[in-house]
Amino acid sequence: MNTTRLISKPWATTSLACVLALASASPVLAQSTRKEHDSLGDRQIPVAAYWGAQTSRAVENFPFNTQKLDHFPTFIAAYAYVKKAAAQANYELGILSKEKLDAISQACDELIAGKLQDQFPEDMIQAGAGTSTNMNFNEVIANRGLEIMGKHKGEYAFLHPNDDVNLSQSTNDNYPTSAKVAVVMEIDQALKNLKNLKAALETKGTEFKDVIKMGRTEMQDAVPVTLGQEFYGFADNINEAIEQLQDAQTSFMKVNLGGTAIGTGLNSPPKYSALSIQKLAKLTGFPFVPNHDLVGASSDCASYVRMSGAMKRAGLAMSKIANDLRLMSSGPRTGFFEITLPATQPGSSIMPGKVNPVICEVTSSVAYQLCGYDTTVTMAAELSSLELNPVECIIVYDELVGADLLGKVADVFTNKCVVGIKANTERCRTMVKGSIGLVTALNPVLGYERSASIAKESLATGRPVYDLVLEKGWMTKEQLDDMLKPENMTQPRDWPKK
27 MNTTRLISKP
37 WATTSLACVL
47 ALASASPVLA
57 QSTRKEHDSL
67 GDRQIPVAAY
77 WGAQTSRAVE
87 NFPFNTQKLD
97 HFPTFIAAYA
107 YVKKAAAQAN
117 YELGILSKEK
127 LDAISQACDE
137 LIAGKLQDQF
147 PEDMIQAGAG
157 TSTNMNFNEV
167 IANRGLEIMG
177 KHKGEYAFLH
187 PNDDVNLSQS
197 TNDNYPTSAK
207 VAVVMEIDQA
217 LKNLKNLKAA
227 LETKGTEFKD
237 VIKMGRTEMQ
247 DAVPVTLGQE
257 FYGFADNINE
267 AIEQLQDAQT
277 SFMKVNLGGT
287 AIGTGLNSPP
297 KYSALSIQKL
307 AKLTGFPFVP
317 NHDLVGASSD
327 CASYVRMSGA
337 MKRAGLAMSK
347 IANDLRLMSS
357 GPRTGFFEIT
367 LPATQPGSSI
377 MPGKVNPVIC
387 EVTSSVAYQL
397 CGYDTTVTMA
407 AELSSLELNP
417 VECIIVYDEL
427 VGADLLGKVA
437 DVFTNKCVVG
447 IKANTERCRT
457 MVKGSIGLVT
467 ALNPVLGYER
477 SASIAKESLA
487 TGRPVYDLVL
497 EKGWMTKEQL
507 DDMLKPENMT
517 QPRDWPKK
């Protein structure tokens, strides 16, 4: 019987339940499984699988098919760092043998290097505060460790998922610690990309420093500004977002590893918490420290709320800039057309030659998604009950996806949009000369009443403010040109002496 062909038939299901049902009815398939058990009973596990009984239950209990653990290599690496740090601390405290330490450490190193990623089939969205995830790691590390020791998968008498891999730990301290390590790693990359975006905006600020254009408030003509000033303003917006993300990242350095079930440290040696976190900091290169109160830290999700808020802030900062660029590039013939964005793809299936600002649009789309994640994290954080938050998994899922999206969109926005922006200098200058907003720059000389009358006349006749002022003889051409120099209109200057 060719079991591979059977399972690959269009009408056949490849669910875990189906595979195990087939195994019980077929001698061939039965030989390809091993029997494991947990506190609820026996389970048939595929021989090739490194996961075990509790993982198989999680796959069945949470069949949401969103994104599985194997979609998050950073999270897998982060969890492996925590497990390795725990093993090192346990060995140093004399409660784990050198043989077991070496097996666990090598298995963790393989996970950190990106191996065995397909052994994490659980959905990220699950209940139980991450217990299923923790057991998935315990089982995979134990079974790979057994192979390293020359044993077979499932021979837990030699290396046990709970007694050895999970020694001195609980889901309630190593899951949130691993999550924070993963988010810190993801945000580190997002910060690098945001800093690149800031630098690109500053470069454009310098490039466009002499391009005079019309500033606008409430979508109406205001006063002149340089295109460079606008881009430096954009860069400052991103810098503010970077600072908030860095503050949030710093708050993630306090972890509750060693608190075990509810923060009391039950079933861990007295020095385990500080030692394991010290090992974790050394392994990851990030300055993780124990939270000052592990009981409080076991249920408090405030740092997650702070981080999701900072990610939302960064997304909205980019979206604001993207919307401005979209407006400034509108047209090209019937809009502002002050700048030209890089053409990244044809914009229409029916209108030849149309090019849409798709990079700006997707940047805003990600920002809106980050807003949604922030709302979910806020609501889920509020559900912390007594000594534990039971829905921390949805918080971790949203923060990991959000951090990844934030970093990627910052990179795309920088390299596919900002660096290629061109200024339409003459178009900008023409709109300045034709705007009634010029009267604001002339107000110190003409006074408010005359400036207001010129603005009304310009609006009624369509004639430029520049021409009307010259015609009335209120200023000479030399005076007018001096007042309307870019450097004189876009920064403070001395008023005429009275």
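FYI, in the numbering used here the residues of the sequence shown are 27 to 524.
For every residue, glycine included, the Cβ atom is placed at its ideal position computed from N, Cα and C.
Give every residue of the same chain whose Cβ lies closer than 6 Å to the Cβ of C134, excluding the five residues on either side of it in the sequence, and list them in chain order. The residue you call residue 134 lines up with position 108 of the sequence shown. So the qualifying residues of the chain are A106, K109 and K110.
Assign Q371 to one of three DSSP states: helix, strand, or coil. The residue given as residue 371 occupies position 345 in the sequence shown. Three-state DSSP puts Q371 in coil, outside helix and strand.
Those runs of the beta strand (DSSP E) which lie wholly inside the region 323-351 and span at least 3 residues: List check, beta strand (DSSP E) in window: nothing returned.
In the DSSP assignment, the beta strand (DSSP E) including M536 goes from what residue to what residue? Lying before the first or after the last residue shown, residue 536 is absent from the chain, which here runs from 27 to 524.
On the CB-based measure, 16 or more other CB atoms within 10 Å of its CB, does V210 come out buried or exposed? Here residue 210 refers to the residue found at position 184 of the sequence shown. It is buried - the Cβ of V210 has at least 16 other Cβ atoms within 10 Å.
Closest by C-alpha distance to M501, when choosing among S477, T59 and D520: Counting from one through the sequence shown, the residue named residue 501 turns up at place 475. Nearest C-alpha to M501: S477.
By Cβ distance below 7 Å, which residues in the same chain neighbour N116 in space, the five residues on each side in sequence not counted? Here the question's residue 116 lines up with position 90 in the sequence shown. Same-chain partners within the cutoff: L122, L193 and S194.
Buried or exposed, going by whether 16 or more other CB atoms sit within 10 Å of the CB of W37? Taking the first residue of the sequence shown as 1, we reach residue 37 at position 11. A caution first: W37 carries a pLDDT of 29, below 50, which makes its placement in the model too unreliable to give a value.
Considering only the alpha carbon of each residue, which of S374, V435, P372 and H97 lies closest to A393? As a first step, residue 393 is located in the sequence shown; it is residue number 367 there, counting from the start. Closest by alpha carbon: V435.
Exposed or buried, E425, counting other C-beta atoms within 10 Å across all chains shown (16 or more means buried)? For the purposes of this step, residue 425 is taken as residue 399 along the sequence shown, with counting starting at 1. It is buried - the Cβ of E425 has at least 16 other Cβ atoms within 10 Å.
Which residues bound the alpha helix (DSSP H) around D128? In the sequence shown, counting from the first residue as 1, residue 128 sits at position 102. According to the DSSP assignment, D128 belongs to the alpha helix (DSSP H) that extends over K124 to I138.
S50 to L66 span [Cα, whole Å]: Counted from its first residue, the sequence shown places residue 50 at position 24. Counted from its first residue, the sequence shown places residue 66 at position 40. Residue placement at S50 is flagged as unreliable, the pLDDT there being 43, under the threshold of 50; a coordinate-derived value is accordingly withheld.
Residues near G357 in its chain [Cβ-Cβ closer than 8 Å; skip 5 each side]: By one-based count along the sequence shown, residue 357 stands at place 331. If the five residues before and after G357 are omitted, its C-beta is found closer than 8 Å to the C-beta atoms of F363, all from its own chain and listed in chain order.
Rounded to whole angstroms, what's the CA-CA distance from L496 to V331? Just pull it up for me. Here residue 496 refers to the residue found at position 470 when the sequence shown is read from its first residue. Here residue 331 refers to the residue found at position 305 when the sequence shown is read from its first residue. The C-alpha of V331 is placed about 59 Å away from the C-alpha of L496.
Neighbourhood of K511 by C-beta distance below 8 Å, restricted to the same chain and skipping five residues each side: Working through the sequence shown from its first residue, we reach residue 511 at position 485. Taken in chain order, the list of residues that qualify is empty.
In chain order, what residues of the same chain lie with their CB nearer than 8 Å to the CB of S158, ignoring the 5 residues before and after it? Counting from one through the sequence shown, the residue named residue 158 turns up at place 132. Closer than 8 Å at Cβ, skipping near neighbours: Q80, T81, R83, A84, N87, F88, E148 and Q152.
Please state the DSSP three-state secondary structure of S50. Here residue 50 refers to the residue found at position 24 when the sequence shown is read from its first residue. Any reading at S50 must be qualified, since the residue scores a pLDDT of 43, below 50, and its modelled position is unreliable; the value itself is stated next. Here DSSP, grouped into helix, strand and coil, assigns S50 to helix.
P202 burial status per 10 Å Cβ neighbour count (16 or more: buried): Residue mapping note: residue 202 aligns to position 176 of the sequence shown, counting from 1. Under this definition P202 is a buried residue.
What do you reckon, are the CB atoms on F234 and F257 nearer than 8 Å? Mapped onto the sequence shown, residue 234 falls at position 208. Mapped onto the sequence shown, residue 257 falls at position 231. Inclusion of F234 and F257 in the CB contact set at 8 Å is warranted, their separation being smaller than that value.
Completely contained alpha helix (DSSP H) runs for the region 217-256, where each covers 4 or more residues: Complete alpha helix (DSSP H) runs here, min 4: none at all.
With distances taken from CA atoms, which of V444, G284, N293 and F312 is nearest V321? As a working note, residue 321 is residue 295 in the sequence shown. For V321, the nearest C-alpha among the options comes from G284.
Compare the beta carbon distance of M337 and F439 with 8 Å and say whether it is the shorter of the two. Within the sequence shown, numbered from 1, the residue matching residue 337 stands at position 311. Within the sequence shown, numbered from 1, the residue matching residue 439 stands at position 413. Going by C-beta atoms, M337 is not nearer than 8 Å to F439.
Please confirm whether A429 and V417 have their CB atoms less than 8 Å apart. Stepping through the sequence shown from its first residue, residue 429 is reached at position 403. Stepping through the sequence shown from its first residue, residue 417 is reached at position 391. No.
Which value, in whole angstroms, describes the spacing of the CA atoms of A74 and E181? If you number the sequence shown from 1, residue 74 lands on position 48. If you number the sequence shown from 1, residue 181 lands on position 155. One C-alpha to the other measures close to 14 Å.
Which residues in the same chain have their Cβ closer than 6 Å to the Cβ of M457, if we skip the five residues on either side of it in sequence? Translated into positions along the sequence shown, residue 457 becomes position 431. The residues are M240.
Rounded to a whole number of angstroms, what is the C-alpha to C-alpha distance between A485 and I462? If you number the sequence shown from 1, residue 485 lands on position 459. If you number the sequence shown from 1, residue 462 lands on position 436. Residue identity check: residue 485 is Leu in the sequence provided, not Ala. Rounded to the nearest angstrom, the two C-alpha atoms are 7 Å apart.
Kindly give me the distance between the Cβ atoms of A287 and N198, rounded to whole angstroms, as I take these residues to be in contact under 8 Å. Position 261 of the sequence shown, counting from 1, holds the residue named residue 287. Position 172 of the sequence shown, counting from 1, holds the residue named residue 198. The C-beta distance from A287 to N198 rounds to 5 Å, short enough to fall under 8 Å.
In three-state terms, what does DSSP make of D319? On the sequence shown, residue 319 is found 293 positions in, with the first residue counted as 1. DSSP places D319 in coil when its eight states are reduced to three.
Can the beta-carbon of R455 be found closer than 8 Å to that of I238? In the sequence shown, counting from the first residue as 1, residue 455 sits at position 429. In the sequence shown, counting from the first residue as 1, residue 238 sits at position 212. For R455 and I238, yes; Cβs fall inside 8 Å.
Which residues does DSSP pair with H63 in a beta bridge? To locate residue 63, count along the sequence shown from 1; it is residue 37. Answer by DSSP bridge pairing, in chain order: D68.
Pull up the DSSP beta-bridge partners for S411, would you. Taking the sequence shown and counting its residues from 1, one reaches residue 411 at position 385. Residue pairing by DSSP places S411 opposite L414 in a beta bridge.
Buried versus exposed call for A139 [16 or more other C-beta atoms within 10 Å across all chains shown]: Here residue 139 is taken as the residue at index 113 of the sequence shown, counted from 1. Exposed, by the Cβ-count rule.
Give the C-beta separation of L516 and T252 to the nearest angstrom, bearing in mind that I take them to be a contact with Cβ-Cβ under 8 Å. Taking the first residue of the sequence shown as 1, we reach residue 516 at position 490. Taking the first residue of the sequence shown as 1, we reach residue 252 at position 226. Checking the sequence, you will find Thr at residue 516 rather than Leu. Between T516 and T252 a beta carbon distance of about 5 Å is seen, short of the 8 Å cut, so the two are scored as contacting.
Close-in-space but distant-in-sequence residues of the same chain around A274 (CB under 6 Å, 5 per side omitted): The residue labelled residue 274 in the question sits at position 248 within the sequence shown. Here the set comprises R332, M333 and A336.
Determine the direct distance from the alpha carbon of A205 to that of Q215, and round the result to whole angstroms. Sequence index remark: in the sequence shown, residue 215 carries index 189 (1-based). Sequence index remark: in the sequence shown, residue 205 carries index 179 (1-based). The straight-line gap separating the alpha-carbon atoms of Q215 and A205 is approximately 16 Å.
Would you list, in sequence order, the uninterrupted alpha helix (DSSP H) runs of no fewer than 4 residues that lie entirely inside the region 274-310? If we require 4 residues or more, the alpha helix (DSSP H) runs fully inside the region 274-310 come out as 298-310.
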